[in-house]
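A.B. asks: Below is one structure. I have some questions about it.
In the numbering used here, the protein residues as written are 494 to 965.
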């Protein structure tokens with residue numbers, strides 16, 4: 494992985510499933526022709542079959558790997574939360590396998606955020622849980638692999654029941670729910686970001702001007718609230734510290750549990766997870782006294798609000814992505830007064846949220862650990878930066894991988910996730926376009942909008958690995 498020249502091939506894809514579906518639909522259309530007066534009449538006006546709707550993948554909005562690397566979680570524009578199994582057995586064949594959801598639930602409201610249990614272990618059903626935030630609803634806890642609305646005597650009975658149906662396992666049952674209610678309006682608040690603490694005994698929910706801290710065993714409400722600004726009416730009441738804005742991204746340091754919170758107003762705050770107090774806060778390049786400046790020198794680093802943040806494996810560096818920005822900003826935890834530099838050329842000048850991943854070659858938190866940044870763009874490509882913190886200014890990518898699969902209109906790369914051992918990567922894509930008039934009928938929940946997406950599992954190898962295998 495660390496050697497130049499990453500080789501990859503598609504091992505499994507939802508696109509294979511849709512191609513198979515297309516062939517099935519063609520066969521069904523042939524069989525549905527009716528013979529009348531000795532002539533074949535093609536029946537029209539048929540609606541899409543339930544199987545067609547089930548296999549359609551809408552515009553993926555967010556994708557994450559389970560901590561143990563066995564599952565992929567996605568949320569999409571059709572308000573579905575899906576779980577895909579990463580089954581590496583049998584993926585060494587030349588042809589890509591079909592990838593379909595193992596488990597799923599349909600939400601009535603948009604899914605804004607989700608977070609997997611850090612102790613997630615697919616062999617222990619008590620740990621395979623995920624927190625989900627939805628508009629206007631309490632935060633809910635779901636088991637991602639088991640249908641909790643039914644009772645099974647053992648795992649064998651569950652597997653037998655699952656094999657008898659083609660439908661994904663229904664995981665809509667809420668194990669627990671956690672109340673986040675406005676103290677002034679009593680309206681239910683759906684947080685825009687979620688993150689577990691390192692031990693997994695508590696979690697954080699980011700919303701307007703604050704971060705709510707929940708005990709996983711206490712559903713009555715937050716046990717503590719961290720204000721990003723002491724007073725929302727007048728910043729001077731808090732001594733001029735803090736910032737306003739919706740907390741759209743949260744990330745917990747693997748080193749000491751420090752909470753990083755990024756806002757839509759282009760500010761980032763760091764908070765001590767023990768004292769639950771602010772350590773520091775700072776504006777991103779181009780921000781001065783909560784207002785954007787128009788400095789041409791800072792234009793390449795400008796954005797329109799934080800969407801995603803991640804710490805380096807050793808907890809020394811913080812990487813920040815923004816909406817409408819081609820840059821991934823880099824900060825050193827030892828000095829947040831200015832950015833070290835930025836990963837340039839991300840191809841992400843869009844309102845769509847495009848995430849990124851930080852992959853380290855060793856497990857655990859190792860000081861000065863080498864790592865890579867994987868980030869997708871609107872052009873169907875993934876850029877890879879190796880140890881970008883060692884350079885200053887604009888850091889160009891070391892590799893550019895075309896993962897479009899020959900489909901230039903396949904949508905933006907929403908997520909590029911590298912598995913912990915470095916031999917697999919998950920690529921999530923999503924696209925959306927407006928349709929007018931006769932073309933307004935498209936797949937998706939919104940009229941006049943065509944939405945599509947795909948999920949691919951790629952096998953990875955470097956040139957060095959490939960040459961060694963060939964020599965052997």
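For every residue, glycine included, the Cβ atom is placed at its ideal position computed from N, Cα and C.
1) What does the alpha-carbon distance come out to for the pair residue 770 and residue 743?
2) Quick check: the stretch 838-851 against the stretch 822-829, are there 3 or more CB pairs under 8 Å?
3) In terms of residues, what are the limits of the beta strand (DSSP E) holding residue 919?
4) So, at 8 Å on beta carbons, what are the nonlocal neighbours of residue 695 in its own chain, with the 5 sequence-adjacent residues on each side left out?
5) Whole angstroms are fine: how far does the CA of residue 870 sit from the CA of residue 915?
6) Use the C-beta contact count for residue 592: other C-beta atoms within 10 angstroms, 16 or more gives buried, fewer gives exposed.
7) Do residue 909 and residue 896 come within 9 Å of each other at the CB atom, strictly closer than that value?
8) Taking the beta strand (DSSP E) that residue 697 falls in, what are its first and last residues?
9) Three-state secondary structure (DSSP) at residue 498?
10) According to DSSP, what are the bridge partners of residue 776?
11) Spatial neighbours of residue 503 within its chain, please: C-beta separation below 7 Å, excluding the five flanking residues on both sides.
12) Name the DSSP beta bridge partners of residue 670, please?
13) Within 10 angstroms of its Cβ, does residue 790 collect 16 or more other Cβ (buried), or is it exposed?
14) Would you mind working out which of 813, 692 and 830 sits nearest residue 846, comparing C-alpha positions?
15) Spatial neighbours of residue 806 within its chain, please: C-beta separation below 6 Å, excluding the five flanking residues on both sides.
16) Considering only C-alpha positions, which residue in the set 903, 638, 623 and 501 is nearest to residue 943?
17) Does residue 792 come out as helix, strand or coil in the three-state DSSP assignment?
18) According to DSSP, is residue 507 helix, strand or coil?
19) Mind checking whether residue 927 and residue 829 have CB atoms under 9 Å apart?
20) Three-state secondary structure (DSSP) at residue 689?
21) Short of 8 Å in beta carbon distance, which residues of its chain neighbour residue 818, apart from the five on each side in sequence? Order them along the chain.
22) The beta strand (DSSP E) that contains residue 894, what's its start and end?
23) Quick one: what's got a C-beta closer than 6 Å to residue 802's C-beta in the same chain, skipping five residues either side?
24) To the nearest angstrom, how far is it from the Cα of residue 602 to the Cα of residue 609?
25) In chain order, what residues of the same chain have a beta carbon less than 7 Å from the beta carbon of residue 785, not counting five sequence neighbours either side?
26) For residue 850, which option in 632, 670, 811 and 622 has the closest C-alpha, if you only look at C-alpha atoms?
C.D. replies: Taking the geometry as given:
1) 15 Å
2) no
3) 917-927
4) 689, 706, 707, 708, 709 and 716
5) 21 Å
6) buried
7) yes
8) 695-700
9) coil
10) 760
11) 589, 898, 949 and 951
12) 633
13) exposed
14) 813
15) 853, 862 and 864
16) 903
17) helix
18) helix
19) no
20) strand
21) 794, 795, 796, 797, 839, 841 and 842
22) 892-895
23) 742, 744, 753, 755 and 813
24) 20 Å
25) 779
26) 811
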